[in-house]
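These notes are about the structure you will find just below.
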Amino acid sequence: MEKDETFKEWIEDGYGSPEKLAQILEMGIFMLFFLEEDTFSRREVQDVVEAMKGIVIELRV
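Taking the UniProt record's numbering, the leading residue of the sequence shown gets 1, the next gets one more, and so forth.
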């Protein structure tokens with residue numbers, strides 16, 4: 001429970017609300033589509049996108 005409260009406080013202190021953080025993460029996902037070739041492997045980028053999308057989904061639950 002303490003971990004959840006700490007995470008919630010971090011979100012509220014840094015971003016104001018879970019929805020605001022979700023919007024920022026979604027923008028990051030969008031930006032990843034414009035990476036230059038050979039910056040990262042395709043698999044590395046896909047892993048990051050999946051992790052970020054998972055956080056966005058959990059924040060909205």
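Glycine residues also receive a C-beta, built at the ideal position from the N, C-alpha and C atoms.
On a predicted model such as this, the values are computed, not experimentally measured, just so you know.
query, result
"Would you kindly report the start and end of the unbroken alpha helix (DSSP H) that includes D4?", "2 to 15"
"Less than 8 Å between the beta carbons of I29 and V45, yes or no?", "no"
"Can you give me the start and stop residues for the alpha helix (DSSP H) that D47 sits inside?", "42 to 59"
"Is it the case that the Cβ atoms of V56 and L35 are separated by a distance below 8 Å?", "no"
"Just to confirm, is the Cβ distance from L32 to L59 under 8 Å?", "no"
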